[in-house]
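Trainee:
In my numbering, the protein residues as written are 3 to 259.
1) Give the straight-line distance between the Cα atoms of residue 89 and residue 111, rounded to the nearest whole angstrom.
2) Taking 8 Å as the cut-off, decide whether the C-beta atoms of residue 189 and residue 231 are in contact.
3) Go through its chain and collect everything with a Cβ distance to residue 3's Cβ below 8 Å, but skip five positions before and after it.
4) So what does residue 243 bridge to, in DSSP terms?
5) Hey, could you find the ends of the alpha helix (DSSP H) residue 159 is sitting in?
6) Can residue 154 and residue 227 be called in contact, C-beta distance under 8 Å?
7) Going by other Cβ atoms of all chains shown within 10 Å of its Cβ, with 16 needed for buried, is residue 14 buried or exposed?
8) Would residue 214 and residue 166 be called neighbours here (beta carbons separated by less than 8 Å)?
9) Is it buried or exposed for residue 70, if we count other Cβ within 10 angstroms and need 16 for buried?
10) Is residue 101 buried or exposed, if buried means 16 or more other CB atoms sit within 10 Å of its CB?
11) Can you give me the Cβ contacts of residue 236 inside the same chain, cut-off strictly under 7 Å, excluding the 5 residues immediately before and after it?
12) Does the distance from the CB of residue 209 to the CB of residue 170 come in under 8 Å?
13) For the alpha helix (DSSP H) that contains residue 108, what are its first and last residues?
14) Could you name the residues of the same chain whose beta carbon sits closer than 6 Å to that of residue 142, not counting the 5 residues immediately before and after it, in chain order?
15) Could you give the first and the last residue of the continuous beta strand (DSSP E) run that contains residue 201?
16) Could you work out which residue in 238, 250, 78, 99 is closest to residue 45 when comparing CA atoms only?
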């Protein structure tokens, strides 16, 4: 198996995942675990929720921006993304005996964000993939103007607006992913050209309070968005479900094998 020492698998379930239910995800996880174990591979399977988006961003350039914000450990970076990475990365360290406990593993991963070593490794990976040294250096800089000029988002934006006051109960990841895809951020057929500037930035997460008429998302869209997907604004606003009662923050990890 490509000379791996250990394997951590993330099996997602939900509207935006291949496996739509926890039951289906569990069946797949059990089979993957059995097969890899039979092959002598140290394996751990996570079943994680994908009804709601991970982090705050959906799209191409915008997700790289979000990843860089985490690796730079900027104020306001996605804690949702951080916790999932630290959990699964920490588990991998535990499987290969680099740490004695999962807690130590999580902290070791977290420290790579805090001390900049993850960001430096990302820089090295970019160069290894053929990115110019100048661009790689600019991407890991703290100059937002330079980073934004490389990972450029559309100048045209639309807001998702809450129709009521309450608490965010869910944000439909499938609907938002479909919007990004239909507006050019994903392919409908293999020959389609990607528009890397299309994306969505969430301003709220599950459990957050929200007021009527308050923006909860920003959609960066092409000029011909209405032609590409006439109901994109309707679907954007329909992606948010608000409860009148307090909602617990999202629990991303459902089960671990």
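Quick reminder that beta carbons are idealized off the backbone N, C-alpha and C, glycines included.
Mentor: Judging by the given coordinates:
1) In a straight line, the C-alpha of residue 89 is about 9 Å away from that of residue 111.
2) Using a Cβ distance threshold of 8 Å, residue 189 and residue 231 do not count as a contacting pair.
3) Because the pLDDT at residue 3 is just 49, under 50, the model does not fix this residue reliably, and the value given afterwards should be weighed accordingly. For residue 3, where only same-chain residues beyond five positions count, the Cβ hits under 8 Å are 9, 38, 41, 43.
4) When beta bridges are read from the DSSP output, residue 243 appears opposite 172.
5) Where residue 159 is concerned, there is no enclosing alpha helix (DSSP H), although the beta strand (DSSP E) it sits in stretches over 159 to 163.
6) Taking 8 Å as the Cβ cut-off, residue 154 and residue 227 do not qualify as a contacting pair.
7) Buried, by the Cβ-count rule.
8) Result yes, Cβ atoms of residue 214 and residue 166 sit closer than 8 Å.
9) Residue 70 comes out buried.
10) Counting every other CB atom within 10 Å of its CB across the protein chains shown gives residue 101 a total of 16 or more, marking it as buried.
11) Around residue 236, the same chain offers no residue with a beta carbon nearer than 7 Å, after the five sequence neighbours per side are excluded.
12) Yes, the Cβ-Cβ distance between residue 209 and residue 170 is below 8 Å.
13) Per DSSP, the unbroken alpha helix (DSSP H) holding residue 108 starts and ends at 104 to 116.
14) Cβ neighbours of residue 142 beyond the five flanking positions: 121, 125.
15) Per DSSP, residue 201 belongs to the beta strand (DSSP E) from 201 to 204.
16) It is 99.
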